[in-house]
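In our numbering, the protein residues as written are 3 to 118. Remarks on the structure that follows.
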């Protein structure tokens, strides 16, 4: 007898409540020929492999949906550009105001200190 192993550990002929599952495992199902969902990268090929007919896509509807998405993207980009233009104009105005204030301050000093 091997030390540290319970009695009957190496008896393979016994039937009982061992580690054998009662339900067939997913490996057994795969061995019978069915493929798991997502086995193929191509969605249509994956459906056909599992015996399901894929729905046919109406090209006109798909094209209209594509155009709609493109228009939404363009509107989003236009909104971003408009916002950037507004920010740039505000920054430019702030810079010009500061520059003008600096020139007025220099002019005032020249006139009042008699440097001219």
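A virtual CB, placed ideally from N, CA and C, is assigned to each residue, including glycine.
Residue i versus residue j: straight-line alpha-carbon distance, rounded
i	j	result
residue 61	residue 71	15 Å
residue 76	residue 85	14 Å
residue 104	residue 87	26 Å
residue 108	residue 114	10 Å
residue 46	residue 73	28 Å
residue 38	residue 66	33 Å
Simplified DSSP state of residue i, which is helix, strand or coil
i	result
residue 11	coil
residue 44	coil
residue 60	coil
residue 33	The pLDDT assigned to residue 33 is 46, lower than 50, so where the model puts this residue is not dependable; a value taken from the coordinates is nonetheless given after this. Of the three classes helix, strand and coil, the one that applies to residue 33 here is helix, per DSSP.
residue 77	helix
residue 113	helix
residue 39	coil
Rounded distance between the beta-carbons of residue j and residue i, thought under 8 Å
i	j	result
residue 36	residue 50	Not confirmed; about 13 Å, so no contact.
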